[in-house]
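In the numbering used here, the protein residues as written are 135 to 348.
Note that the Cβ used here is the ideal one computed from N, Cα and C, for glycine as well.
Since the model is a prediction, treat every value here as computed from it, not as a measurement.
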Amino acid sequence: MKSRSDALKAANIKWLAALAALDVAVVLLFIAPELVDASMTTILRASVSPLLPVVVLLLTGPLSHDAKARLIFWRIRNPLPGSQAFTKHAPADSRIDMKALGKNVGTLPTDPGEQNAKWYKLYRLVGDDAAVVQAHRLYLMYRDMAVVSLLLIPLVPAALWYAGAAPAARWIAGGFFVLQYVVCAISARHSGARFVCNVLAVHSTRKVRATAST
Numbered sequence: 135m136k137s138r139s140d141a142l143k144a145a146n147i148k149w150l151a152a153l154a155a156l157d158v159a160v161v162l163l164f165i166a167p168e169l170v171d172a173s174m175t176t177i178l179r180a181s182v183s184p185l186l187p188v189v190v191l192l193l194t195g196p197l198s199h200d201a202k203a204r205l206i207f208w209r210i211r212n213p214l215p216g217s218q219a220f221t222k223h224a225p226a227d228s229r230i231d232m233k234a235l236g237k238n239v240g241t242l243p244t245d246p247g248e249q250n251a252k253w254y255k256l257y258r259l260v261g262d263d264a265a266v267v268q269a270h271r272l273y274l275m276y277r278d279m280a281v282v283s284l285l286l287i288p289l290v291p292a293a294l295w296y297a298g299a300a301p302a303a304r305w306i307a308g309g310f311f312v313l314q315y316v317v318c319a320i321s322a323r324h325s326g327a328r329f330v331c332n333v334l335a336v337h338s339t340r341k342v343r344a345t346a347s348t
């Protein structure tokens with residue numbers, strides 16, 4: 135049976151593939167148009183599009199959750215957003231009553247590793263809540279988009295160099311993917327914090343008890 139995370143990542147593949155398709159189009163049609171003509175563009179679109187989901191999976195699959203989080207939050211230790219759940223994210227969210235949260239879930243830890251472990255247990259109790267599911271999906275989507283963008287920063291200019299593109303095209307391509315990475319990373323940070331807070335917002339309003347299916 136697929137985990138919630140696996141199911142959400144599978145649902146996000148179409149958006150990751152769409153980003154990859156956009157990147158291919160931008161590189162070929164705007165950054166390095168001298169490498170293709172109209173007939174080649176049509177052929178490439180037809181042949182590459184079905185393979186894009188596979189390419190995305192190959193780029194993102196080998197990296198662990200922690201490795202991807204490090205590339206988003208720029209923290210080596212305890213990079214997951216849940217590691218600051220009770221000391222940073224929850225206090226900054228006006229929806230969350232910290233006193234009520236502590237009353238409903240018990241002691242709120244301050245150690246990053248303990249925070250993430252505590253938050254994950256709370257997430258498991260409300261993982262099917264609609265707001266939590268949506269925030270989780272967006273976090274995974276933007277996170278993987280940022281990872282793909284980061285990997286393309288060196289790969290695309292190298293491919294353009296091999297294909298004989300002009301130096302300006304290589305620099306523009308590198309800059310384009312740097313910008314795309316930064317935008318996606320910022321979006322992933324925001325959606326990750328929202329994901330963490332949506333879980334805690336539920337627990338601050340009521341005491342959630344574990345069920346046999348959890």
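Secondary structure of L242, DSSP reduced to three states: coil
Could you name the residues of the same chain whose beta carbon sits closer than 6 Å to that of T244, not counting the 5 residues immediately before and after it, in chain order? T221, listed in sequence order.
Close-in-space but distant-in-sequence residues of the same chain around S338 (CB under 6 Å, 5 per side omitted): A distance below 6 Å between beta-carbons, with the five flanking residues on each side excluded, links S338 to the following residues of its chain, in chain order: I230, D231, A234 and L235.
Would you mind giving the Cβ-Cβ distance between H223 and C331, rounded to the nearest angstrom? I have them listed as a contact below 8 Å. 5 Å
Could you give the distance in angstroms between the alpha-carbon of G240 and the alpha-carbon of L256? 11 Å
Using a Cβ-Cβ cutoff of less than 7 Å, which residues in the same chain neighbour Q314 once the five nearest sequence positions on both sides are dropped? S283
Look at the alpha carbon of V351 and the alpha carbon of L197, and state the distance between them as a whole number of angstroms. Not covered by the structure: residue 351. The range shown for the chain is 135 to 348.
Taking its Cβ as the centre, do 16 or more other Cβ atoms sit within 10 Å of W305, making it buried, or is it exposed? exposed
I'd like to check one pair, L150 with D262: are the Cβ atoms closer than 8 Å? In this structure, D262 lies away from L150, with their beta-carbon atoms at least 8 Å apart.
Going by other Cβ atoms of all chains shown within 10 Å of its Cβ, with 16 needed for buried, is I206 buried or exposed? buried
Let's test the definition: count the other Cβ atoms within 10 Å of the Cβ of F329 and tell me whether it reaches 16, buried, or not, exposed. Buried is the call here.
Rounded separation between G308 and C318 - CA only: 15 Å
Between the alpha carbons of A154 and P288, how many angstroms are there, rounded? 15 Å
Taking A265 as the reference, which of V336, A152 and I165 has the closest Cα? V336
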